[in-house]
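Enquirer:
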Amino acid sequence: MLKTPLHDVHLVLKAKMAEFAGYEMPINYEDGVMAEHHWTRKKAGLFDVSHMGQVIFEGPGAADFLETLTPSNIKGLKDTQARYTVLMNEQGGMVDDLIITRLGEEKFFAVINAGCKDKDLKWFESHLPEGITMTHLETRALVALQGPASEKVISQVLEVDLSDLDYMHIYEHSQRCFFSRLGYTGEDGFEISVPEEDAQALWDKLSAHQDVKPVGLAARDSLRLEMGYPLYGHDIDDTTSPVEAGLRWILRKDGLESCIGADRILKEKENGTDRKRVGFKITGKGIAREGADILTKTGEKVGDVTSGGFSPSLQVAVGQGYIADHTLNVGDEVLVRVRGREIEAVIAKMPFVPAKTKTAKKQQAA
Amino acid sequence: MSDMKYTNDHEWIKVDGDAALIGITTYARHALGDLVFLELPEIGRKVNKGDDFAVVESVKAASEIYSPVSGEIVAVNDNLADNLDDLKEDLDKGWIVKIKMDDPGEADGLMDKSGYDSYTEGLE
Chain A
1 MLKTPLHDVH LVLKAKMAEF AGYEMPINYE DGVMAEHHWT RKKAGLFDVS HMGQVIFEGP
61 GAADFLETLT PSNIKGLKDT QARYTVLMNE QGGMVDDLII TRLGEEKFFA VINAGCKDKD
121 LKWFESHLPE GITMTHLETR ALVALQGPAS EKVISQVLEV DLSDLDYMHI YEHSQRCFFS
181 RLGYTGEDGF EISVPEEDAQ ALWDKLSAHQ DVKPVGLAAR DSLRLEMGYP LYGHDIDDTT
241 SPVEAGLRWI LRKDGLESCI GADRILKEKE NGTDRKRVGF KITGKGIARE GADILTKTGE
301 KVGDVTSGGF SPSLQVAVGQ GYIADHTLNV GDEVLVRVRG REIEAVIAKM PFVPAKTKTA
361 KKQQAA
Chain B
1001 MSDMKYTNDH EWIKVDGDAA LIGITTYARH ALGDLVFLEL PEIGRKVNKG DDFAVVESVK
1061 AASEIYSPVS GEIVAVNDNL ADNLDDLKED LDKGWIVKIK MDDPGEADGL MDKSGYDSYT
1121 EGLE
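Encoded structure:
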């Protein structure tokens, strides 16, 4: 099994380890998933996400190249700006979802899912035009610090002032270390990319702060679930389109035709889709996880749960899935079938818990 | 607690005549992490040895609880649903179901406390 540069740290911390995307990763530490989840929402959670892939694209026309692979506005990204997008396949499904950040006129940084690394790299390689280089930063670690105390912690222990860094932007502190203000939790926070030999020192410094505790992949999942973020391989995959997945907001307004698989997107924008991704909250007793059925109130099957679990913040079970019935909307009652038992639920707006990212906070204040 | 018997799947069973109380071990309770929901069976349900009769949900996952013996469920500890912390090696509070066994000797071959302790040590 593969190991991240922080593997030994997790063992010392007595993390419960398990395989994830070919890596032996910490699922939770001694405090447990519930405490780690709440700590992230209240203070700052420290995550090892070094299993994710980090890739640099550089060369003339790099933005055009990325616009053939993704349906988003890459050319319009300002210097240091980051964007969530997806890699499209020929059938209008998704190869992966990822974050692309502009590092310069012709230079972009992409962070891809661990489980899709090999597939993505081959996909990039097979479409790479002459003159553009792709560099897989295999010897870099990625550490996320997420939660309201993150900015303060970094300023205190690393002496880096990130107060001017906007949400979805990167700051290249040095060639060795860059901070991106984004994450997968809905909290204000940062992903920090460093060479693997610096990873442990960075982890030790951050975790020494009283507001910081390590957080494993289990809480990473419950945090993202509360935000309604899709998880690749579960809520979105190579058969789902961005339109049915409710990701219209990532589509560029002009020049979508140049993207692989655009035909389906354009058709679906015009004519609608057979199914749509929705969130739900369980109002009865139980938890609906991936694979459970979604039924109408009268018991007719209309869809499938793609991920679900218990929300530590709301203390109820939530989830997401696809339904084929477009007449069902937020507020409508449905049933989910778990091990043959039907449980009451209601279609609910996502995120289930309000985002507290820097931009979201600014909007609230305005 | 000394005459409880244990399974490889971390259930405990306490036999009294032809009736048995069944629960999950403290080891299992710890391994499952934060519990959030327990799905209990109906009274009167017949189970075969090895059947799952209840499901315990943690934040992370759902885990089935298996019956170490065959018989009929004659009582269910409804109190557990709202007191998940009681789900442990405890005869008074931690039992999940009471089963009337088809064969009162069926649990005889299961591990005793010391056997189970060495079994779980081997899992570490």
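Chains as they are written, first to last, in this note's numbering: chain A, 1 to 366; chain B, 1001 to 1124.
Don't be surprised by glycine CBs; every beta carbon is placed ideally from N, CA and C.
Check the Cβ-Cβ distances between A/Ser-313 and every residue of chain B, and say whether any is below 8 Å.
Expert: Chain B, which has no Cβ nearer than 8 Å to the Cβ of A/Ser-313, makes this no.
Enquirer: Exposed or buried, B/Asp-1085, counting other C-beta atoms within 10 Å across all chains shown (16 or more means buried)?
Expert: That one is exposed.
Enquirer: Looking at A/Gln-315 and A/Ser-307, is the spacing between their C-beta atoms short of 8 Å?
Expert: No. Outside cutoff.
Enquirer: Relative to chain A, which residues along the stretch 1049–1060 of chain B have a C-beta separation below 8 Å, given in chain order?
Expert: From the stretch 1049–1060 of chain B, only Val-1055, Glu-1057, Ser-1058, Val-1059 and Lys-1060 have a Cβ closer than 8 Å to chain A.
Enquirer: Would you say the stretch 25–37 of chain A touches the stretch 84–101 of chain A, given that touching needs at least three Cβ pairs under 8 Å?
Expert: At 8 Å Cβ cutoff, the stretches do not touch.
Enquirer: Step through the CB atoms of chain A and report whether any lies within less than 8 Å of the CB of B/Glu-1124.
Expert: Answer no: the Cβ-Cβ gap between B/Glu-1124 and chain A never drops below 8 Å.
Enquirer: Please name the residue, chosen from A/Thr-80, A/Asn-28, A/Gly-45 and A/Pro-129, that lies closest to A/Glu-67 on a Cα-to-Cα basis.
Expert: Comparing Cα-Cα distances from A/Glu-67 to each of A/Thr-80, A/Asn-28, A/Gly-45 and A/Pro-129, the minimum goes to A/Pro-129.
Enquirer: Specify the secondary structure class of A/Val-12 as computed by DSSP and reduced to three states.
Expert: In the structure shown, A/Val-12 sits in a helix (DSSP, three-state: H, G or I).
Enquirer: I think A/Gly-186 touches A/Lys-356, with their Cβ atoms under 8 Å apart; what is that distance to the nearest whole Å?
Expert: So it is a contact: roughly 6 Å between Cβ atoms.
Enquirer: So, A/Pro-354 versus A/Pro-242, is the Cβ gap smaller than 8 Å?
Expert: No, these two residues do not count as a Cβ contact at 8 Å.
Enquirer: Using Cβ-Cβ distances below 9 Å, what residues of the stretch 265–296 of chain A are close to chain B?
Expert: Listed by position, the residues of the stretch 265–296 of chain A near chain B (Cβ gap below 9 Å) are Lys-285, Gly-286, Ile-287 and Arg-289.
Enquirer: Is the CB of B/Val-1036 under 8 Å away from at least one CB in chain A?
Expert: Judged by the 8 Å Cβ criterion, B/Val-1036 is in contact with chain A.
Enquirer: Whole angstroms is fine: what's the gap from A/Asp-235's alpha carbon to A/Tyr-322's?
Expert: Straight-line Cα distance between these residues: approximately 8 Å.
Enquirer: For B/Met-1101, count neighbouring Cβ atoms within 10 angstroms of its own Cβ and tell me buried if that reaches 16, exposed if not.
Expert: Flag for B/Met-1101 reads buried.
Enquirer: Less than 8 Å between the beta carbons of A/Tyr-167 and A/Leu-182, yes or no?
Expert: Yes, the pair counts as a contact, with Cβ atoms nearer than the cut-off.
Enquirer: Rounded to the nearest angstrom, how far is the Cβ of B/Ile-1096 from that of B/Leu-1080, given a contact under 8 Å?
Expert: That belief holds up - the Cβ atoms of B/Ile-1096 and B/Leu-1080 are roughly 6 Å apart, short of 8 Å.
Enquirer: Output, in sequence order along the chain, the residues in the stretch 1019–1046 of chain B whose CB is closer than 8 Å to any CB in chain A.
Expert: Listed in sequence order: Gly-1033, Asp-1034, Val-1036, Phe-1037 and Glu-1039.
Enquirer: Would you list the one or two residues that DSSP bridges to B/Asp-1153?
Expert: With chain B represented from 1001 up to 1124, any question about residue 1153 of chain B goes unanswered, as that position is not in the structure.
Enquirer: Can you check which of these residues, B/His-1010, B/Asn-1048 and B/Glu-1039, is closest to B/Glu-1072 by C-alpha distance?
Expert: Comparing Cα positions, the closest option is B/Asn-1048.
Enquirer: Which residues mark the beginning and the end of the beta strand (DSSP E) in which B/Ser-1058 is found?
Expert: B/Ser-1058 -> beta strand (DSSP E) spans 1052–1058.
Enquirer: For the pair the stretch 183–203 of chain A and the stretch 115–122 of chain A, tell me if three or more CB-CB distances fall below 8 Å.
Expert: Output reads no: the stretch 115–122 of chain A does not touch the stretch 183–203 of chain A.
Enquirer: Looking at chain A, is there any beta carbon in it that lies within less than 8 Å of the beta carbon of B/Ala-1062?
Expert: Closer than 8 Å to some Cβ of chain A, the Cβ of B/Ala-1062 qualifies, so yes.
Enquirer: Mapping the DSSP letters down to three states, classify A/Phe-178 as helix, strand or coil.
Expert: Three-state result, A/Phe-178: strand.
Enquirer: Only counting the same chain, and skipping five residues up and downstream in sequence, which positions put a Cβ closer than 8 Å to that of A/Ala-62?
Expert: Closer than 8 Å at the Cβ level, and outside the excluded window around A/Ala-62, lie Glu-106, Lys-107, Phe-108 and Ile-132.
Enquirer: Any C-beta of chain B sitting closer than 8 Å to the C-beta of A/Ala-144?
Expert: No, because no Cβ of chain B sits closer than 8 Å to the Cβ of A/Ala-144.
Enquirer: What is the rounded straight-line gap between the Cα of A/Leu-206 and the Cα of A/Tyr-29?
Expert: About 16 Å.
Enquirer: Helix, strand or coil for A/Leu-193, going by three-state DSSP, please let me know.
Expert: Checking the sequence shown, residue 193 of chain A turns out to be Ser, not Leu. In this structure, A/Ser-193 counts as strand in the three-state DSSP scheme.
Enquirer: Among A/Pro-351, A/Arg-176, A/Leu-295 and A/Gly-59, whose alpha-carbon lies nearest the alpha-carbon of A/Asp-325?
Expert: Of A/Pro-351, A/Arg-176, A/Leu-295 and A/Gly-59, the residue nearest in Cα terms is A/Leu-295.
Enquirer: Which residue marks the beginning of the beta strand (DSSP E) containing A/Trp-123, and which one marks its end?
Expert: Counting along the chain, A/Trp-123 falls outside any beta strand (DSSP E), though it belongs to the alpha helix (DSSP H) covering 117–127.
Enquirer: May I ask you to report which of helix, strand or coil DSSP gives B/Glu-1121?
Expert: Helix at B/Glu-1121.
Enquirer: So, is the C-beta of A/Val-305 closer than 8 Å to a C-beta in chain B?
Expert: Closer than 8 Å: no.
Enquirer: According to the Cβ coordinates, are B/Glu-1126 and B/Gly-1023 closer than 8 Å?
Expert: Given that chain B is displayed from residue 1001 to residue 1124, the structure contains no residue 1126 of chain B and the question cannot be resolved.
Enquirer: Under 8 Å, Cβ to Cβ, is there at least one residue of chain B near A/Val-353?
Expert: For A/Val-353, the answer is no, since every Cβ of chain B falls outside 8 Å of its Cβ.
Enquirer: Decide if B/Lys-1005 is buried, meaning its Cβ has at least 16 other Cβ atoms within 10 Å, or exposed.
Expert: Looking at its Cβ environment, which holds 16 or more other Cβ atoms inside 10 Å, B/Lys-1005 is buried.
Enquirer: I need the DSSP call for B/Met-1001, collapsed to helix, strand or coil.
Expert: Confidence is the limiting factor: at B/Met-1001 the pLDDT is only 47, short of 50, which leaves the residue's position unreliable and the question unanswerable from this model.
Enquirer: Could you tell me the distance, in whole angstroms, from the CA atom of A/His-209 to the CA atom of A/Val-157?
Expert: Roughly 7 Å between the two C-alpha positions.
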